[in-house]
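Here's the structure, in C-alpha cells; my notes come after.
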Amino acid sequence: MRTDNKPMENGAAAMKSIPLSVPDLRGNEKEYLARCVTDNWISSAGPFVVEFETKIAGLTGRRHAVSTVNGTAALQLALSAAGVGPGDLVIVPDWTFAATANAVVHAGATPYFVDITAESYTLDPELVARALKTSPQGRRVTAVVPVHAAGHPPDMDGIMEVCGKPEIAVIDDAAGAIGAVYKGRPAGGLGDASIFSFNGNKLVTAGGGGMIMTDREDWARRAKHLSTQARIGDEYEHDEIGANLRMTNLNAAVGMAQLERLDEMLAARKRIAQRYDDAIVDRNNLSSMPHAPWATGNSWMYTLQTASEEDARKLLAHFSERKIGARSFWRSLSAQAPYSAMPTLLTGVAAAVSGRTVSLPCSSNLTEEEQNRVIDALDSWSGAGTPGR
Ligand SMILES: Cc1ncc(COP(=O)(O)O)c(C=O)c1O
C-alpha cells in the first residue's frame, strides 16, 4: 500500500509505458563517447578499456580484471582459463538465466544442475557437497558456478568450503550483482574468479560487455589471450583456438561514465525496492524474494513471488493492461528441452519457484510517479489464489 497522499494516476499520462529496466544515461556517457570519436578509438582497444578494467579491479578488490564483449563470454573465458573443458561437469544452480549454463557448454563442458535453497534462492552448499561425491555419466566435476540471484549473493563461504580450494574452481556468476555485498566483501571479489555483465538492463551498463575479476594472474592472462584469437605477438601466429571476445572502447567509455554514478544508481534501486517491499509487506498472496542474512543485494532486478503460477500470469496481465513492463523471471533450466538430458541433483525448490516470480520496473531513473503507478497496480490486484510462500 502506498503511504503518501498523492492522488492515484489516471488518464493519458498514466498510459505511458513503463519499461522494466533501462539504462540511466544522465552522466558523462555522451562526452566520453564523443571523446572516442575525436581520438579515433572506437574499436576493441583504447584508453577507456584499460581504465574500465582498472576501475573494476579496484572496486572488487581484485588484482586483475579482463573485459569482454558480454557476460556470457566472460563466464565462458573464465571457465576455459581455469582449465575447464570437454568431458568436465560444471555445477550450476537449476534456477538461473540460461547464459550460465550456455557458457558452460560453450566452454566445452556439461552443466550439472543442482538445486537452490528455499531460504536464499541461491545454490545450496550442502547439495553441492553431495553432488561432488557423485560422478554422473562417469564424469568429473571440475568447477562450480554459484549465481547471484537478481543481484543477491549466494552463500559463497559455504560453497568455497565444500569445494576444498583449490581443487574445484569456484567461478561465481555475479552478472547483475555489481554493488552487492557479501559479509562485508564486494560482489565480484568472492570466488576464485567472478564475472559481471554490463548488458543494457543491468544497474551499470556499458551498452553491452562483461568482465572477469580474479587474483589468479595465470587465469587473467589466459582469458585475455583466448579473447584475442590466442594470437602470439604482433604476427599472425596462434598457439591455440581462440575467439574475438573483447570489449570495445565505445562500450568501456559508457561503462566508465556509469561507474561515476554507481553509488547514486545503487541508492535509487534500493529506494525503489524498499518502496515495493513496503507495499507488499502485509500481503498474504505476494512476497519479496528472500534476503539471506549473509549479504545485501544490489536490488538490480526487483522480483517478487506470487502464491501460484496462475497468480503470476494474472498479475502479469494486470500490469500489462496498465502498460507496466513487469516480466516473469527465471525458470528451472533442467525442466527445459535443451538441458533435459543433463545431470541433476534436485530437491524441487527451483521447480516450485519457477513461474511464480515476477520482476517489476526498477530502473534507477524511474520517476516517483512511475513508482506510484506500479504500487497502485499492486494495490488494485487482489490475486486469485492461495496465500503463502
Ligand atoms: C545470471 C546471469 N548470467 C549471465 C548473464 C549474461 O550476461 P550477458 O547478457 O552480458 O551475456 C546474465 C545476463 O542477464 C545473467 O543474468
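What the sequence shown shows, in my numbering, is residues 1150 to 1538, in sequence order. Note that beta-carbon positions come from the ideal geometry of N, C-alpha and C, so glycine has one too. A quick note: this is a predicted structure, and the numbers were derived from the prediction, not measured.
Inter-residue Cα distance where the pair is residue i and residue j
| i | j | result |
| --- | --- | --- |
| Val1198 | Gly1232 | 26 Å |
| Ile1390 | Ala1248 | 22 Å |
| Ile1553 | Arg1480 | With the chain covering only 1150 through 1538, there is no way to say anything about residue 1553. |
| Asn1521 | Asp1431 | 18 Å |
| Arg1211 | Gly1338 | 6 Å |
| Ile1205 | Asp1264 | 30 Å |
| Gly1356 | Val1171 | 10 Å |
| Lys1179 | Gly1349 | 16 Å |
| Ala1416 | Thr1516 | 14 Å |
| Ala1475 | Ser1512 | 12 Å |
| Ala1161 | Glu1519 | Confidence is the limiting factor: at Ala1161 the pLDDT is only 43, short of 50, which leaves the residue's position unreliable, though a coordinate-based value still follows. Approximately 13 Å, taken between the alpha carbons. |
| Leu1169 | Gly1300 | 15 Å |
Residue i beta carbon near ligand 1 (any heavy atom closer than 7 Å)
| i | result |
| --- | --- |
| Asp1322 | yes |
| Phe1201 | no |
| Phe1262 | no |
| Ser1346 | yes |
| Ala1318 | no |
| Leu1224 | yes |
| Ala1130 | Outside the shown range of the chain (1150 to 1538) lies residue 1130, about which nothing can therefore be said. |
| Gly1220 | yes |
| Glu1325 | Checking the sequence shown, residue 1325 turns out to be Gly, not Glu. Result yes, Cβ under 7 Å from ligand 1. |
| Val1496 | Looking at the sequence shown, residue 1496 is not Val but Thr. No, ligand 1 has no heavy atom inside 7 Å of this Cβ. |
| Thr1245 | yes |
| Gly1210 | no |
| Val1296 | yes |
| Gly1359 | yes |
Extent of the continuous alpha helix (DSSP H) to which residue i belongs
| i | result |
| --- | --- |
| Thr1187 | Glu1178 to Asp1188 |
| Thr1271 | Where Thr1271 is concerned, there is no enclosing alpha helix (DSSP H), given that its DSSP letter is neither H nor E. |
| Ala1484 | Per DSSP, Ala1484 belongs to no alpha helix (DSSP H) and is neither H nor E. |
| Pro1196 | Pro1196 to Thr1209 |
| Thr1249 | Ala1247 to His1255 |
| Ile1524 | Glu1517 to Asp1528 |
| Ile1421 | Leu1411 to Ile1429 |
| Ser1448 | Note, Ser1448: premise wrong, no alpha helix (DSSP H); not H, not E. |
Residue interval of the beta strand (DSSP E) (run including residue i)
| i | result |
| --- | --- |
| Met1362 | Gly1359 to Thr1363 |
| Pro1285 | Run containing Pro1285: none; DSSP gives neither H nor E here. |
| Ile1240 | Asp1237 to Pro1242 |
| Thr1452 | Thr1452 to Thr1455 |
| Ile1320 | Ala1318 to Asp1322 |
| Leu1435 | Leu1435 to Ser1437 |
Cβ-based burial, residue i [other Cβ within 10 Å; buried from 16]
| i | result |
| --- | --- |
| Asp1412 | exposed |
| Met1414 | buried |
| Ser1269 | buried |
| Ala1381 | First, the residue type needs correcting, since residue 1381 is Ile and not Ala in the sequence shown. Answer is exposed; the Cβ neighbour count stays below 16. |
| Arg1538 | Only weak support exists for where Arg1538 lies, its pLDDT of 44 falling under 50; the coordinates are left without a value. |
| Val1186 | exposed |
| Lys1165 | exposed |
| Glu1384 | exposed |
| His1387 | exposed |
| Gln1225 | buried |
| Gln1286 | exposed |
| Lys1351 | buried |
| Gln1454 | buried |
Proximity test, Cβ basis, 8 Å: residue i and chain D
| i | result |
| --- | --- |
| Gly1337 | The chain labelled as chain D is not found in the depicted structure, where only one protein chain is given. |
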